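Just so we're on the same page, this note's numbering is the position in the sequence shown counted from 1, plus 1150. From the three backbone atoms N, C-alpha and C, an ideal C-beta is built for every residue, glycine too. Given the structure is predicted, the values throughout are model-derived calculations rather than measurements.
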Amino acid sequence: MPAPEIGLAVVDPRRLPALSALPVLRAGDIAEFLGDDAALETLPADAAASHLYFGSEFCEHLFPDEAALERAIELSGKLGLSLVLATPAANDALVAKIGQAAAILPEGAEILVNDWGVARFLRRAYPRLPLVAGRQLAKMIKDPRVPSAAWLKPYPGSYGTPGHRRLLERLGIGRIELDVPPFATPDLYSVDGIDLSVCLPYAYVAKGRICKIGSLRRELPEKFAPGRSCHRECLGVVEVGAAASSAGLVSSARGNSTFYRHDAAMAALVRDMVAQGRVTRLVFSGV
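Structure representation (structure tokens):
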């Protein structure tokens, strides 16, 4: 089987200069960037990245401005990487910004969409632009508190259903991204006729409109309320759960989103899925 493509996800534009001195982005560089050697157990040490993900999947306030996007475009070209612009669920104002960003993306760039409306808009406005369905569009149970695999049976995954596949085909989406839920089994990654990426070593659990860290210093009634101004406080703080779940998973939170780190069984499943050719891209990120 061919080696998988490798992506590094970057949200904070202030971190891009840390990559600019590199001639090529290898697995060891990704580990150093993330501060996480154990994250790369699925890769040989000399593996080289193929994609740079830039932007946030989870928060409209973290969508990059034009200057930051141009820096990411320049960096991806310098490192020989394909750029993937990550986008969250979007209101009308953000849809317009996404359209403006799409207009300056280089040849071969992709947009990661987590909003069916954004996907529809982009397919009509930029019919040749490759779209990737983000993990928020893949409906599955990922609560780290579930005690057994039986809890996942009511909703084992969505992309195997005819309705979801017809929607992907209508939107011209040829790649999907998935997380690894607790008690995941190989059948979750048996999605024929479409390319599959897996995000690691953290899985997304849930997101909302309330940013906890951004609300702490606010006065009432702005505290824990949507629509407030954003100073991107979340980029500097990660909240780590104090207690493990019954499955042994520890949750972490950044801004408006909650994550958990893969355990040994999840990591082993990803390695197996790569070896079998079911997973063709690995996307590495921090929380």
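Straight across, the Cα-Cα distance linking residue 1231 with residue 1434 is about 14 Å.
The shortest C-alpha to C-alpha distance from residue 1193 to any of 1223, 1152, 1212 is the one to 1152.
When the alpha-carbon of residue 1247 is set against those of 1358, 1211, 1422, the nearest one is in 1211. Annotation: the continuous alpha helix (DSSP H) that includes residue 1180 extends over 1177 to 1184.
If you check the CB distance, residue 1329 and residue 1354 come in under 7 Å. Boundaries of the beta strand (DSSP E) around residue 1157: 1155 to 1160. Residue pairing of residue 1201 in beta bridges, as defined by DSSP: 1157, 1232. Boundaries of the alpha helix (DSSP H) around residue 1270: 1266 to 1275. Taking all protein chains shown into account, residue 1256 has fewer than 16 neighbouring C-beta atoms within 10 Å of its C-beta and is therefore exposed. Contact between the region 1307 to 1323 and the region 1266 to 1281 is present: 3 or more CB-CB pairs across the two stretches fall below 8 Å.
In terms of Cβ geometry, residue 1262 and residue 1234 form a close pair [threshold 7 Å]. A contact between stretches requires three or more CB pairs, one per stretch, nearer than 8 Å, and the region 1413 to 1432 meets this requirement with the region 1341 to 1350. A Cβ-Cβ distance of about 6 Å is found for the pair residue 1244 and residue 1213, placing them in contact under the 8 Å criterion.
Cβ-Cβ distances below 6 Å link residue 1174 to 1198 in the same chain, with the five nearest sequence neighbours on each side left out; the list follows chain order. For residue 1342, the closest of 1310, 1372, 1373 by C-alpha to C-alpha distance is 1310. Within the same chain, 1334 come within 6 Å of residue 1419 by CB-CB distance, once the 5 residues on both sides are set aside.
Secondary structure note for residue 1345: its beta strand (DSSP E) is the uninterrupted segment 1345 to 1350. Looking at the DSSP output, residue 1218 bridges to nothing.
Ranked by Cα distance from residue 1205, the first of 1405, 1242, 1237 is 1237. Taking residue 1181 as reference, the option from 1156, 1164, 1162 with the minimal CA-CA separation is 1156.
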